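One rule links them: number in the numbering used here = place in the sequence shown (from 1) + 15.
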Amino acid sequence: MAVEVTRQTVSEWLNHHPGFQAALHSRRQELWAGMADTLRGLLPKVLEVLKCELEGEQPLPAAVHVLKACGLYGMLPPRGPTEVEDAVLAEQHRLKQRQYAALAAP
C-alpha cells in the first residue's frame with residue numbers, strides 16, 4: 016500500500032504523531048512475533064545441527080553459539096551474599112555509601 020505524502024510528512028509522523036508511532040510499533044511487534052514463531056519452528060532442526068557440530072571435529076564454534084544464545088557467553092558467575100545476615104550487612108553498607116556520596120555531592 017502506497018501513501019502519497021512527502022518524506023517530511025512521514026518524518027513528522029515518526030517523530031511527533033502518537034497515533035502513527037503506536038501503529039508503527041504495533042506492526043513492528045506483530046512482525047517480530049511472526050519471525051520469532053518461524054524461528055521457534057526451526058528449533059528442532061537447529062538443535063540437531065548444533066548437536067552434530069558439538070560432536071564434530073571443531074565443536075568450539077557451535078559451543079560458543081549455544082552459550083551466546085543462552086546469554087551465558089562472557090557472563091560472570093553470580094556474586095553476592097548467600098546468607099541473610101550477610102545480605103543485611105551488605106545492604107546497610109550500600110546505604111551508608113549512598114549517604115556518604117550524597118553528602119560529598121556539591
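For every residue, glycine included, the Cβ atom is placed at its ideal position computed from N, Cα and C. All figures in this text were calculated on a predicted structure; none of them were measured in a lab.
- Your pair residue 78 and residue 69 checks out as a contact, with CB atoms roughly 6 Å apart and the cut at 8 Å.
- Taking the CA atoms as reference points, residue 116 sits about 55 Å from residue 18.
- If you look at residue 97, you'll find it isn't in any alpha helix (DSSP H); DSSP assigns it neither H nor E.
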